[in-house]
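Protein chains in written order, with our numbering: chain B, 2 to 95; chain S, 2 to 95. Glycine is no exception: its CB is placed at the ideal position from the N, C-alpha and C atoms. None of these values were measured; they are calculated from a predicted model.
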DNA sequence: CAAGTATTTAGAACTTTTTCTAAATACTTG
DNA sequence: CAAGTATTTAGAAAAAGTTCTAAATACTTG
């Protein structure tokens with residue numbers, strides 16, 4: 002179930018920070034890594050989890066792999082959260 | 002930092018299911034537990050995490066402790082998620 | 001194709017999380 | 001207050017997650 006995977010992926014602060022970085026646009030793995038005090042291997046591990054959760058996708062150019070936000074899954078999460086708040090999301094907003 | 006705690010709390014399927022149960026209204030610890038194939042001790046552990054994350058609060062009556070959804074923290078989460086989606090939430094809805 | 005750069009994979013060490021059993025606490029009521 | 005029910009706490013075992021080092025893969029370009 003992909004839903005569970007998404008929440009797991011979002012549960013780590015490093016991964017959330019990666020997503021925050023990607024708001025600005027696509028970024029290579031190395032570039033992402035330079036924002037953290039961790040080895041590239043560890044960053045790669047986090048990227049893999051984000052990718053499996055469909056929160057990012059990659060595209061290759063030259064020698065680089067660029068990562069990019071994929072926001073489609075976030076809709077689902079938002080819907081679940083707003084369902085907890087006792088109803089439809091749009092119905093609440095004004 | 003409470004933000005991280007909330008995400009951690011939401012990352013477990015049992016805890017999300019507990020929140021789903023509580024949508025219907027307050028429920029005693031034992032009643033919640035009866036929906037799962039786990040010991041009461043384990044349910045108590047999950048409830049403690051939800052409580053620390055401010056996702057539920059409790060009230061006592063007779064010999065029971067009733068748990069109840071607290072949705073106020075969810076706003077924050079929603080805001081963060083919608084910020085990923087490249088902008089304000091209300092601005093997107095129509 | 002060789003050398004260089006970018007990234008990932010494998011595997012081990014360590015940390016955190018989840019679950020259980022057993023015991024403790026808390027409250028209620030006869 | 002004793003006995004019973006509800007829930008939590010403590011501590012241990014097991015499972016899952018995070019990080020590292022070292023090595024492998026992948027691609028680029030002289």
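Legend entry - Backbone CA spacing between residue 164 of chain S and residue 20 of chain B [nearest angstrom]: Because residue 164 of chain S is not part of the residues shown, which for chain S are 2 to 95, the question remains open.
Inset, instruction - Identify, in the order they occur along the chain, each residue of the same chain with its Cβ nearer than 6 Å to the Cβ of residue 51 of chain S, setting aside the five sequence neighbours on each side. - result: Closer than 6 Å at Cβ, skipping near neighbours: 10, 16, 57.
Legend entry - Supposed close pair residue 44 of chain B, residue 30 of chain B - CB separation, criterion 8 Å: So it is a contact: roughly 6 Å between Cβ atoms.
Inset, instruction - Throw me the rounded Cβ distance for the residue 41 of chain S and residue 34 of chain S pair, which I believe falls under 8 Å. - result: With a Cβ gap of about 5 Å, residue 41 of chain S and residue 34 of chain S count as contacting.
Legend entry - Inter-residue spacing [alpha-carbon to alpha-carbon] between residue 85 of chain B and residue 62 of chain B: Whole-angstrom Cα-Cα distance: 42 Å.
Inset, instruction - Closer than 9 Å by beta-carbon distance: list the chain B residues that pair up with residue 8 of chain S, in chain order. - result: Simply 8, 11, 12, 13, 14, 17.
Inset, instruction - Report yes or no: is there a C-beta of chain S within less than 8 Å of the C-beta of residue 82 of chain B? - result: Cβ-Cβ to chain S under 8 Å: yes for residue 82 of chain B.
Legend entry - Beta-carbon contacts of residue 6 of chain S that lie in its chain and below 7 Å, excluding the five residues immediately before and after: Correct list, in chain order: 53, 54.
Inset, instruction - Check each candidate in S:59, S:47, S:64 and name the one with the smallest Cα separation from residue 70 of chain S. - result: When S:59, S:47, S:64 are compared, the shortest CA-CA separation from residue 70 of chain S is found for S:59.
Inset, instruction - Mind listing the chain S neighbours of residue 79 of chain B? Cutoff is C-beta to C-beta under 8 Å, in chain order. - result: Those are 79, 82, 83, listed as they occur along chain S.
Inset, instruction - Look up residue 29 of chain B in the DSSP assignment and say whether it is helix, strand or coil. - result: Looking at residue 29 of chain B - three-state DSSP - the assignment turns out to be strand.
Legend entry - Identity of the residue in B:80, B:18, B:12, B:87 nearest residue 36 of chain B by Cα: It is B:18 whose Cα lies nearest to the Cα of residue 36 of chain B.
Inset, instruction - Using three-state DSSP, classify residue 70 of chain B as helix, strand or coil. - result: Note: residue 70 of chain B maps to strand in three-state DSSP.
Inset, instruction - Examine chain B for any beta-carbon lying closer than 8 Å to the beta-carbon of residue 48 of chain S, and answer yes or no. - result: No, residue 48 of chain S lies away from the interface with chain B (no Cβ there is under 8 Å from its Cβ).
Legend entry - For residue 62 of chain B, three-class secondary structure by DSSP: In the structure shown, the three-state DSSP call for residue 62 of chain B is strand.
Legend entry - 8 Å Cβ cutoff, residue 5 of chain B in contact with chain S: Judged by the 8 Å Cβ criterion, residue 5 of chain B is in contact with chain S.
Inset, instruction - Consider the Cβ of residue 87 of chain S: report whether some Cβ of chain B lies at a distance smaller than 8 Å. - result: With 8 Å as the cut-off, residue 87 of chain S counts as an interface residue toward chain B.
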